[in-house]
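Taken in order, the sequence shown gives residues 0 to 463; the numbers are from numbering that gives the first Met the number 0. Glycine included, each C-beta is placed from N, C-alpha and C at the ideal position. Just so it is clear, the structure is predicted and the values come from calculations on it, not from any experiment. Single-structure report; data block below.
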Amino acid sequence: MSEPARRPTAVVVGASAAGLFAAAALADIADVTLVERDPLPDGPLPRRGVPQARHAHLVWSGGVKAFNELLPGAVDEVVARGGRLVHIMGDMVSRAPNEVWFRRFLATHHRNLVCSRNLLDAVLRALVLAHPHVSVRQNTTALGLAGDAHRVTGVRVDSEGDISTLEADLVIDASGRGSHTPQWLSALGLPKVAERRVDAGVAYATRLFRAPHSAADHDFPLVNVQANPAKAPGQGGIIVPIEDGQWIVTLSGTRGGEPTSDPDAFTDFALGLGDPVIGELLKEAEPLSDVATTRSTANHRRYYEKAKHWPDGFVVLGDAIACFNPVYGHGLTVAAQGALAVRDIARTTPLAAPGTARRMQRAAARPVAAAWDLAVGQDAFYPGATDTPPNAVERFLARFVDHAVETGAANPRALGALLDVMSLEKPATRLFSPDMLIPMLFGPKKPHLQAPPLSEAERKAATS
0 MSEPARRPTA
10 VVVGASAAGL
20 FAAAALADIA
30 DVTLVERDPL
40 PDGPLPRRGV
50 PQARHAHLVW
60 SGGVKAFNEL
70 LPGAVDEVVA
80 RGGRLVHIMG
90 DMVSRAPNEV
100 WFRRFLATHH
110 RNLVCSRNLL
120 DAVLRALVLA
130 HPHVSVRQNT
140 TALGLAGDAH
150 RVTGVRVDSE
160 GDISTLEADL
170 VIDASGRGSH
180 TPQWLSALGL
190 PKVAERRVDA
200 GVAYATRLFR
210 APHSAADHDF
220 PLVNVQANPA
230 KAPGQGGIIV
240 PIEDGQWIVT
250 LSGTRGGEPT
260 SDPDAFTDFA
270 LGLGDPVIGE
280 LLKEAEPLSD
290 VATTRSTANH
300 RRYYEKAKHW
310 PDGFVVLGDA
320 IACFNPVYGH
330 GLTVAAQGAL
340 AVRDIARTTP
350 LAAPGTARRM
360 QRAAARPVAA
370 AWDLAVGQDA
380 FYPGATDTPP
390 NAVERFLARF
400 VDHAVETGAA
410 NPRALGALLD
420 VMSLEKPATR
430 LFSPDMLIPM
440 LFGPKKPHLQ
450 APPLSEAERK
460 AATS
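This is the structure:
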């Protein structure tokens, strides 16, 4: 009687969202070990190693779809515990970077997931760690890769002083912005990969509020005032209603116009934005926290998919490939879509087969590239953001996108095309479809709004 075939093994470095998505992508195919440096909380509590967790988060509809494919039931569980699927733009009051207010059309299918990051991570952790083929080693630090320049065979780890090697057919680095992959590859004798950094100099300040009583009971919209790159310093802010009748409010500003951690200055900063609507809404809201700040907002991409030599058995996902200015809200969506790309290849190709890891790396780069172009297309225009200023083509595309935003603000067909791209559901070529070009050519049927489209009921709810 023959022995059963050995089940493939995988090690995922990092148990934040990208690592959990990677584990979910492989769990039906391999025995997966998550290696996590920090202890994991039990429930929706803050976790070390996620400094951005206190700031506002949303998951675009492209990410919602990827969540549902990777972890069926995850989105429903978040909603059952107080999160919301909000209609974009029906449940959103938004001022675009070119200072145009979007009409609140209900004609698109796009639903974005909003909740606290603590709740989202708790739901993802519970679902992934419940899988019989997923285990986690907490308080364990990844020290480096085992193997050579041709094949990675595992990860060397330090578990509270006990140093050992976890062997695996596939190792995935999902350790985030602080990834050590460049050093690990160098230690294997591989050349440095190309990188690019575009830093708009954005600082974020976030405070948690208790929503006014009537607004907490009401399906209050997101309220977003976006920064204008043409008017440096760019300043913006967003109110995101989340679970338990709370608002997460994040304010932002580029070099020379940054918000501070001073709680007494928070509402005044909001009142001083291009439109004072956020500050006005905060007057009746009760602060529940101090002000959390961060400057870790640069767009930073490593082009691993273009490496001339790439070792078998190793893949990089999530922020460890590329991190984005959080204002665009693409990090979670890109992480989930990258994990889906890995899963699709793993279902048809053995993990240890020559070339599998390179195919996975290139597939994971596609959603990265889409989000990168959207973020850098805006941020590169801020003073000091990059040593390589936008070229003629990039300037043309930026003007075209501005025109597309202006058109989408007043036309539902154009808005649908714009959201298809912003949500990472469709490629940027969608902006050149008839749904966008015809309204762009003939102009909007309705004039642009001059004020935020809050209804009288919503204004009353927020001030009572």
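Under 9 Å between C-beta atoms of residue i and residue j
i    : j    : result
S93  : Q225 : yes
G378 : A231 : Note that residue 378 is Asp in the sequence shown, not Gly. Cβ distance not < 9 Å, so D378 and A231 don't count as in contact.
V58  : F66  : yes
A464 : A363 : The structure shown does not extend to residue 464, since the chain is modelled only from 0 to 463, so the question has no answer here.
A338 : A24  : yes
A403 : M359 : no
Y203 : T249 : yes
T347 : P325 : no
S163 : E242 : no
A460 : A214 : yes
V239 : V113 : yes
F399 : P389 : no
A319 : S174 : yes
A369 : P426 : yes
R80  : V122 : yes
F208 : Q245 : yes
L331 : G62  : yes
V201 : G236 : no
G354 : D172 : no
Extent of the continuous alpha helix (DSSP H) to which residue i belongs
i    : result
S134 : That residue, S134, is in no alpha helix (DSSP H); its beta strand (DSSP E) goes V133 to R136.
H402 : A391 to G407
W100 : Element bounds for W100: n/a, residue is neither H nor E.
T355 : T355 to D378
N117 : R116 to L128
M421 : P411 to M421
P446 : Premise fails: P446 is in no alpha helix (DSSP H) and is neither H nor E.
A456 : E455 to A461
L436 : P433 to F441
Beta-carbon proximity list for residue i, same chain, < 6 Å, skipping 5 on both sides
i    : result
G278 : T266, A269 and L270
M0   : Unreliable positioning characterises M0 in this predicted model, as indicated by a pLDDT of 46, which lies under 50. A coordinate reading is not provided.
H299 : R196 and C322
L169 : A9, G312 and L350
T205 : R53, H54, T249 and A291
P7   : A29, D168 and L350
G89  : R103 and L105
D401 : N97
A417 : Note that residue 417 corresponds to Leu in the displayed sequence, not to Ala. So the list reads A403 and G407, once near-sequence residues are dropped.
R36  : T140
L19  : L123 and V127
G255 : P232
L280 : A461
Opening and closing residue of the beta strand (DSSP E) in which residue i lies
i    : result
N111 : R110 to V113
R300 : N298 to R301
T139 : T139 to G146
A9   : T8 to V12
V326 : Here V326 belongs to no beta strand (DSSP E), and DSSP marks it neither H nor E.
Close-in-space but distant-in-sequence residues of the same chain around residue i (CB under 7 Å, 5 per side omitted)
i    : result
P452 : V92, W100, R102 and R103
R361 : E304
L117 : Per the sequence presented here, residue 117 reads as Asn, with Leu not at that position. P43, L44, P45 and A52, listed in sequence order.
P40  : R46
A16  : D120, L123, L331 and A334
Beta-carbon proximity list for residue i, same chain, < 8 Å, skipping 5 on both sides
i    : result
E98  : N227 and G273
H447 : V99, W100, E405, A408 and A409
A145 : V151, T152, G153, V154, R155, T164 and E166
Closer than 9 Å to chain D by CB, residue i
i    : result
V333 : In the structure shown, chain D cannot be found, because there is only a single protein chain.
**Item:** In chain order, each beta strand (DSSP E) run of at least 3 residues that lies wholly inside the region 157–242
**Value:** 161–166, 169–172, 194–197, 202–209, 221–224 and 234–241
**Prompt:** Would you call the region 412–423 and the region 363–377 touching, i.e. three or more CB-CB distances under 8 Å?
**Reply:** Contact between the region 412–423 and the region 363–377 is present: 3 or more CB-CB pairs across the two stretches fall below 8 Å.
**Prompt:** Would you call the region 67–87 and the region 427–434 touching, i.e. three or more CB-CB distances under 8 Å?
**Reply:** no
**Asked** How about the region 294–305 and the region 140–155: do they share at least three Cβ pairs that are nearer than 8 Å?
**Response** no
**Request:** Report yes or no: do three or more beta-carbon pairs, one from the region 208–221 and one from the region 390–397, lie closer than 8 Å?
**Result:** no
**Asked** Given 8 Å as the limit, is there contact between the region 307–318 and the region 149–162, that is, 3 or more CB pairs closer than that?
**Response** yes
**Message:** Quick test of the definition: if touching needs 3 or more C-beta pairs under 8 Å, does the region 127–136 touch the region 12–31?
**Reply:** The answer is yes - the region 12–31 touches the region 127–136, with three or more Cβ pairs under 8 Å.
**Request:** Would you be able to state if there are at least three C-beta pairs under 8 Å between the region 185–195 and the region 154–172?
**Result:** no
**Message:** My parser needs the alpha helix (DSSP H) runs of 4 or more residues fully inside the region 241–292; what are they?
**Reply:** 262–270 and 276–281
**Request:** Would you mind listing the beta strand (DSSP E) stretches within the region 300–324 that are 3+ residues and don't spill past its ends, in chain order?
**Result:** 313–315
**Message:** What ranges does the alpha helix (DSSP H) occupy inside the region 21–84, keeping only unbroken runs of at least 4 residues that lie completely in it?
**Reply:** Runs found: 60–69 and 73–79.
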